[in-house]
Structures are given as C-alpha cells and as structure tokens.
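As given, the protein sequences belong to chains A and B, one line each in that order. With full-length UniProt numbering applied, the first sequence corresponds to residues 1 to 233, in that order. With full-length UniProt numbering applied, the second sequence corresponds to residues 1 to 233, in that order. Have a look at the structure below before the remarks.
2 protein chains.
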Amino acid sequence: MSTSGRGLHGRVLDTLGPEITAGVYPAGSVLLTDELAQRFDVSRSVMREAVRVLESMHLVASRRRVGVTVLPSAEWNVYDPQVIRWRLAGADRPRQLRSLTVLRSAVEPVAAGLAARHATAEQCAALTECALGMVATSRGHRLEEYLVHDMAFHRVILTASGNEMFARLGDVVAEVLTGRTQHEVMFPDPDPAAVTLHVQVAEAVREGDAARAEALTREITVGALQELDILAP
Amino acid sequence: MSTSGRGLHGRVLDTLGPEITAGVYPAGSVLLTDELAQRFDVSRSVMREAVRVLESMHLVASRRRVGVTVLPSAEWNVYDPQVIRWRLAGADRPRQLRSLTVLRSAVEPVAAGLAARHATAEQCAALTECALGMVATSRGHRLEEYLVHDMAFHRVILTASGNEMFARLGDVVAEVLTGRTQHEVMFPDPDPAAVTLHVQVAEAVREGDAARAEALTREITVGALQELDILAP
DNA sequence: TGTGACAAATAAGTCTGACTTTTTGGCTCC
DNA sequence: GGAGCCAAAAAGTCAGACTTATTTGTCACA
Numbered sequence: 001m002s003t004s005g006r007g008l009h010g011r012v013l014d015t016l017g018p019e020i021t022a023g024v025y026p027a028g029s030v031l032l033t034d035e036l037a038q039r040f041d042v043s044r045s046v047m048r049e050a051v052r053v054l055e056s057m058h059l060v061a062s063r064r065r066v067g068v069t070v071l072p073s074a075e076w077n078v079y080d081p082q083v084i085r086w087r088l089a090g091a092d093r094p095r096q097l098r099s100l101t102v103l104r105s106a107v108e109p110v111a112a113g114l115a116a117r118h119a120t121a122e123q124c125a126a127l128t129e130c131a132l133g134m135v136a137t138s139r140g141h142r143l144e145e146y147l148v149h150d151m152a153f154h155r156v157i158l159t160a161s162g163n164e165m166f167a168r169l170g171d172v173v174a175e176v177l178t179g180r181t182q183h184e185v186m187f188p189d190p191d192p193a194a195v196t197l198h199v200q201v202a203e204a205v206r207e208g209d210a211a212r213a214e215a216l217t218r219e220i221t222v223g224a225l226q227e228l229d230i231l232a233p
Numbered sequence: 001m002s003t004s005g006r007g008l009h010g011r012v013l014d015t016l017g018p019e020i021t022a023g024v025y026p027a028g029s030v031l032l033t034d035e036l037a038q039r040f041d042v043s044r045s046v047m048r049e050a051v052r053v054l055e056s057m058h059l060v061a062s063r064r065r066v067g068v069t070v071l072p073s074a075e076w077n078v079y080d081p082q083v084i085r086w087r088l089a090g091a092d093r094p095r096q097l098r099s100l101t102v103l104r105s106a107v108e109p110v111a112a113g114l115a116a117r118h119a120t121a122e123q124c125a126a127l128t129e130c131a132l133g134m135v136a137t138s139r140g141h142r143l144e145e146y147l148v149h150d151m152a153f154h155r156v157i158l159t160a161s162g163n164e165m166f167a168r169l170g171d172v173v174a175e176v177l178t179g180r181t182q183h184e185v186m187f188p189d190p191d192p193a194a195v196t197l198h199v200q201v202a203e204a205v206r207e208g209d210a211a212r213a214e215a216l217t218r219e220i221t222v223g224a225l226q227e228l229d230i231l232a233p
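Here it is as structure tokens:
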C-alpha cells in the first residue's frame with residue numbers, strides 16, 4: 001500500500017515529495033541536484049529521475065545555471081494521487097480533507113444521476129450488495145467493515161456513471177472516507193439516516209430514477225460537509 | 001504554449017506521450033528502453049527520465065526483465081494537464097471534450113455558489129468586467145475576443161470559490177471552451193441567453209446570493225451539455 | 001556615470017560504458 | 001510431472017567526462 005517503493009528514485013521521492021508538499025522548502029527555494037544526490041546517497045542519474053517526476057507534478061522547475069526551484073502550491077498538480085497522498089500524510093491533512101470533501105459534494109450527485117442511466121445489471125447488483133453490507137455492519141461498533149462497504153458503494157457509483165473523470169475519483173473518495181473514519185471524531189456507529197440514504201440511492205439507480213438518485217446523493221454529501229462544519233449560514 | 005519543450009526528454013515525451021494516449025500501443029504492449037533510446041536517438045539516461053515521467057502518470061509500468069508495459073487507460077492519471085492535452089490532441093478528442101464538459105457541469109455550479117460567499121471585492125470586479133467584455137463582444141463575429149472573456153470569467157469563478165481543487169480546473173475549462181469555439185460547430189455569435197446568464201451570475205456573486213449563483217451557473221452548464229447532445233431523455 | 005559587450009563561473013544537461021540486480025523461462029534431475 | 005537450479009535478459013545503478021545555456025561580473029567605451 002506504500003507509494004512507490006520500487007527503485008531508488010522512489011525512495012528519494014518518498015521523503016522528498018512529502019517534504020516539499022509539507023512546505024519544508026518554501027516556494028522559490030532552490031535545491032541543487034548534486035547536493036540532493038549527496039544527501040540521499042544516490043547517483044546523479046537516480047536523483048535526476050526523481051527530479052523529473054517532481055517536475056512532471058509541477059512541484060518543482062529545473063533551470064540551468066539556477067537549480068531546482070520549488071514552485072508555489074498554486075501550481076501543483078493537486079489531482080495527482082501521489083501528491084494527494086503526500087499532502088494527506090502531512091500537517092495540513094484537515095485542510096486537504098475539506099477540499100476533497102467539497103469536490104465530492106460537487107461530483108458525486110451528478111455521478112449518481114448518470115449512474116441511474118448507465119449502470120449495468122451487474123453494477124446495480126453490486127450497489128445493492130454494498131448497501132446491504134452497510135446496513136448489516138451499521139450497528140455494533142463494526143466501523144472497519146462498514147467502511148469497506150461504504151468505499152465500495154461510492155466507487156461503484158463513480159464507475160457506473162460511465163464518465164472516466166468521475167471514475168478516477170474513486171481513490172480520492174476512498175481516501176476521504178478512510179480519513180473520516182480514522183482521524184476525525186466519529187460516532188461509534190454511523191448515522192442511521194446516512195445508511196438509509198445509501199439504500200435509497202441503490203434503489204433509485206436500479207429503477208433508473210436519475211433525479212432521485214442525484215437528490216439523495218446530494219443529501220449524503222451535505223451530511224459529509226456538515227460533519228466537517230462546512231455549511232452555509 | 002507547447003507542452004514541455006525543455007530538454008531532450010521533453011522532446012521524446014512530445015511524441016511518445018501522444019502515441020500512448022492515442023492507443024498506438026495497446027494496453028499490455030511492451031516497449032524496451034534501449035530500443036526507444038535508439039528510435040529517438042537519445043542516450044539511455046534521457047530515455048529513462050522520459051519513462052519515469054510516463055510512469056508517474058501511470059501511463060506505463062517499468063518492470064525488470066520485462067520492459068516498459070503500457071497500462072490500460074483506466075489507470076491513467078486523466079487529471080494530469082499534460083495527459084489531458086495529449087488526449088485532446090488525439091483522435092478521441094470529442095469523447096474527451098464530453099467527459100470534461102460533464103465534469104464542468106458538476107463542478108462549476110458548486111464553485112459559483114462558493115464564490116458567492118468567498119469572492120473578494122477585486123474578484124467581483126474582475127467578474128463583472130469579464131461579463132461586460134462578453135456582452136461587448138457577443139455580436140459581430142468576434143468569437144475570438146468573446147472566448148478570452150469567457151475563459152477569464154470561468155477561471156475567476158473557480159479561483160474565487162476558495163477551493164484549490166476547483167481552482168486547478170481553470171485550465172481544463174479553458175481548454176474545453178477553446179475546443180468548443182475552434183472545433184465544434186458553433187453559431188457565428190454566441191447564444192444571447194448564455195451571455196445574459198453570465199451577467200446574472202456576476203450579479204449574484206456580487207450580492208452574495210449563493211443559491212442563485214449556483215442555479216444560474218447550472219443553467220449555463222446545461223447549455224454546454226446540450227451543445228454536445230448530452231441530455232436526459 | 002551609465003551602458004554595452006565580452007569573459008568566466010556555474011549548474012543542469014547529455015553521453016558512454018561498465019557493472020549489479022532481479023525476474024523469468026527453460027533445463028535438468030529426482 | 002514437479003521441485004529446484006542455471007543462464008539469459010532487461011531494467012537499475014553508478015562514475016566520470018564532456019556540453020550547453022544562463023547568469024553574473026568586469027571592463028572598456030560613450
């Protein structure tokens with residue numbers, strides 16, 4: 001489950017990536033390839049490969065005669081799963097979770113509406129199964145098992161939408177849900193109303209009722225926003 | 001405006017990236033670093049750097065004794081601006097524009113609602129300016145100028161939302177709008193109703209009316225979906 | 001004094017060749 | 001026919017020399 005353990009350059013990224021995203025080197029800081037290679041005790045070839053990856057994430061820019069410059073966070077590829085993981089592991093994890101939850105609240109209802117139109121029979125079955133699993137594990141301090149079904153549910157919705165951009169957010173949603181269960185303060189048992197909503201969404205998708213699926217999912221995400229105290233006055 | 005002209009490895013990516021995203025090498029195809037280096041007439045070091053970048057985009061996976069394997073498109077980092085550009089330049093540009101337009105339709109209304117709450121005075125002014133610019137260029141076959149204001153408008157909305165994930169979609173939306181003006185069939189003048197909606201969104205944001213800003217923006221994105229014949233029966 | 005061109009320093013970029021490591025596929029041997 | 005061993009293959013790593021572009025500083029000239 002680690003990030004990119006393969007290869008020496010991966011090891012370098014495992015520590016340099018989190019450092020940069022955590023703001024250890026403020027925007028504009030200049031790093032030197034040779035110094036970094038010394039610090040991590042790797043050859044320049046390996047160090048250069050690592051820098052190339054950071055560059056493709058727009059975390060740094062490499063310029064001749066200057067060095068490797070750290071870019072302002074506004075330039076970062078914040079949709080890169082690796083960057084997301086690095087940031088979630090860092091200090092501004094709460095802030096990151098909020099951003100991602102807002103994104104969820106925008107995307108998931110629309111995805112559910114599309115899923116109601118495009119979902120295959122297998123996907124409908126999987127959805128119902130997930131919902132039932134959530135019901136079954138919603139009582140008795142079985143949060144870990146509940147989480148598995150919850151993540152699977154949302155992943156199926158995003159996949160069944162038929163939109164590849166939505167589908168790729170499955171990992172992000174899973175990360176958010178995991179973060180909520182682990183880190184955030186949560187009741188020993190999930191909110192019964194939320195469980196019911198999931199069952200109803202599965203119903204609506206099965207019946208092809210796009211408007212209802214969208215509205216119900218919007219209720220779910222509103223709940224998620226409220227948990228993080230993100231709501232309109 | 002090119003992609004990554006800097007460096008030899010960038011040149012390699014400029015042709016290898018589009019080839020992979022265009023499906024020239026089907027998922028599972030195996031490429032050999034040495035052969036690629038020969039083909040592009042670069043050293044192995046440079047070729048390795050290029051492969052590392054492709055790897056970080058999850059376009060390929062490099063394994064010892066096997067080679068560089070092309071991954072199925074479901075694994076690609078489709079939110080990477082570079083990947084988006086490559087795919088938009090390729091054969092399935094229409095499909096890509098549809099995916100992105102659907103994403104827009106999900107994100108922009110929510111972003112507009114947030115902008116109504118968080119927009120600064122400067123951002124409100126910029127928004128009004130953009131809207132006025134759109135009105136001024138909405139007649140007389142001035143699509144190029146209109147497009148500039150249109151792109152700026154949506155970028156301000158996304159930025160003013162205060163959510164970094166939304167803000168980073170500014171480039172994507174700009175790409176979609178450009179694509180619509182250039183490639184797709186469009187009337188010589190933009191739809192007057194759409195122009196009015198933009199002005200009203202600017203108003204709503206200025207007045208802090210989140211619900212109205214969201215609803216109006218939803219109308220705009222519904223229009224965008226209809227242009228591409230994406231609509232519910 | 002300011003401005004231009006030129007020269008030197010610097011750090012990334014590139015190439016080459018040798019070596020290491022891991023994985024796989026086949027082969028032998030039981 | 002299966003377990004284990006061996007060799008080939010390809011990526012991975014390293015070290016060193018060289019190239020190129022960019023910046024900075026200096027010096028001469030207006």
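Ideal Cβ placement from N, Cα and C applies to all residues, glycine included.
Using a CB distance cut-off of 8 Å, A:V173 does not count as an interface residue toward chain B. Boundaries of the beta strand (DSSP E) around B:R63: 60-63. Taken through DSSP and simplified to helix, strand or coil, B:V42 comes out as coil.
Counted as a single uninterrupted DSSP element, the stretch harbouring B:T69 is not any alpha helix (DSSP H) but the beta strand (DSSP E) occupying residues 67-70. Excluding residues up to 5 positions away in sequence, P109 lie with their Cβ nearer than 7 Å to the Cβ of B:R218 in the same chain.
In the DSSP assignment, B:G133 falls within the alpha helix (DSSP H) that extends over 121-136. Distance from the Cα of A:E145 is smallest, within the candidate group A:Q123, A:T178, A:R64, for A:T178. Listed along the chain, the chain B residues whose CB falls inside 8 Å of the CB of A:M57 are S56.
Between the alpha carbons of B:H198 and A:A106 lies a distance of about 20 Å. Around B:E214, no beta-carbon contact reaches into chain A at under 7 Å, the shortest distance being about 10 Å.
DSSP links A:V30 through a beta bridge to A:T69. DSSP places B:G223 in the helix class (H, G or I) of the three-state scheme. Setting aside the 5 residues that flank it on each side, B:S29 is surrounded in the same chain by T69, V70, each with a C-beta closer than 8 Å to its C-beta; the list follows chain order.
Nearest in C-alpha terms to B:D171, of all of A:E35, A:L169, A:Y79, A:L100, is A:Y79.
Contact between B:A111 and B:L158 is confirmed by a C-beta separation of about 5 Å, below the 8 Å threshold. For A:S138, no chain B residue has a C-beta closer than 8 Å to its own C-beta; the minimum C-beta separation is roughly 28 Å.
Contact between A:R48 and B:E49 holds: their C-beta atoms lie close to 6 Å from each other, under 8 Å. Taking 8 Å as the cut-off, the beta carbon of B:S161 is found no closer than this to the beta carbon of B:A215.
Chain-ordered, the chain A residues with CB closer than 8 Å to the CB of B:Y79 read N77, Y79, D80, M165, R168.
Along the stretch 28-52 of chain B, the positions whose C-beta sits under 7 Å from a C-beta of chain A are S45, R48, E49, R52, read in chain order.
Taking 8 Å as the threshold, the shortest C-beta distance from A:H9 to chain B falls below it.
In this structure, the alpha-carbon of A:R11 lies about 30 Å from that of A:T101. Using a 10 angstroms sphere on the CB of A:S43, the tally of other CB atoms stays under 16, which defines it as exposed. Ranked by Cα distance from B:A202, the options B:C130, B:R139, B:I230 are led by B:C130. Cβ contact annotation for A:T181 (same chain, cutoff 7 Å, sequence separation greater than five): L143, L147, in chain order. Of all residues in the stretch 78-111 of chain B, those with a C-beta nearer than 8 Å to a C-beta of chain A are V78, Y79, D80, P81, Q82, S99, L100, V102, L103, S105, A106, V107, P109, V110, A111, reading in chain order.
In the displayed model, A:D189 falls within coil according to three-state DSSP, outside both helix and strand. Shown here, B:V12 sits in a helix according to DSSP, grouped into three states. For B:Y25, no alpha helix (DSSP H) run applies, since DSSP gives it neither H nor E.
In the DSSP assignment, A:M57 falls outside any alpha helix (DSSP H) and carries neither an H nor an E. Listed in chain order, the alpha helix (DSSP H) runs fully inside the stretch 133-162 of chain A are 143-160, counting runs of at least 4 residues.
Cα atoms of A:R65 and A:V51: separation of roughly 16 Å, rounded to the nearest angstrom.
Per DSSP, the unbroken alpha helix (DSSP H) holding A:R95 starts and ends at 93-118. For B:W76, the three-state secondary structure derived from DSSP is coil. Counting every other CB atom within 10 Å of its CB across the protein chains shown gives A:Q123 a total of 16 or more, marking it as buried.
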